[in-house]
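Notes to accompany the following structure.
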């Protein structure tokens, strides 16, 4: 059963990574906005409802560990997320490195699950990976928001009449 869950979660993770690549490409075609930066972590937060079920609950130390790893991994996403201005609008600049980062994180996830899957239950592992992913996306999006607001402010100061 454990092998099946590992394979199934890896397939789902791969599907999500590929989907994320296409979503990111599509997003780059339209101007960025505060709403587009802030909403994904808010939508993802509904996943915390999994913790209503005892099988997914994790200890405070596991929460802190997973959150810390997520914040550290967000650095890769932060470094691959850049904005550019075109026609007075701010766009997210596509990065090929982003694809490598996504699949690198997926590979890490599989290896990590193989290592800790022997000592931690599948439910706890799932809970930890949710916290890791949430910590990663929140810190990444905060950094994106900061970059976006800085560019927006510089655009407004260049448009301001003298």
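Residue numbers (my numbering): 181 to 342. The beta carbon of each residue, even a glycine, is placed where N, CA and C say it ideally should be.
Around residue 231, the same chain offers 237, 307 as residues with beta carbons nearer than 7 Å, after the five sequence neighbours per side are excluded.
Only exposed fits residue 200, as fewer than 16 other CB atoms lie within 10 angstroms of its CB. By the neighbour-count criterion, in which 16 or more other beta carbons inside 10 Å mark a residue as buried, residue 228 falls on the exposed side. A straight-line Cα-Cα distance of about 48 Å links residue 338 and residue 290. Distance from the CA of residue 270 to the CA of residue 215, rounded to the nearest whole angstrom, comes to 13 Å.
If you draw a straight line from the Cα of residue 193 to the Cα of residue 330, it is about 33 Å long. In this structure, residue 311 lies away from residue 255, with their beta-carbon atoms at least 9 Å apart. Residue pairing for residue 272: DSSP places it in a beta bridge opposite 263. When 295, 302, 297, 257 are compared, the shortest CA-CA separation from residue 281 is found for 257. Contact check for residue 261 against residue 323 passes: the beta carbons are separated by less than 9 Å. For the pair residue 301 and residue 235, the CB atoms are nearer than the 9 Å cut-off. Under the 10 Å beta carbon count, residue 287 is surrounded by fewer than 16 other beta carbons and is classified as exposed. In the DSSP assignment, residue 304 falls within the unbroken alpha helix (DSSP H) covering 302-339.
For residue 305, the number of other beta carbons within 10 angstroms of its own is at least 16, and it is reported as buried.
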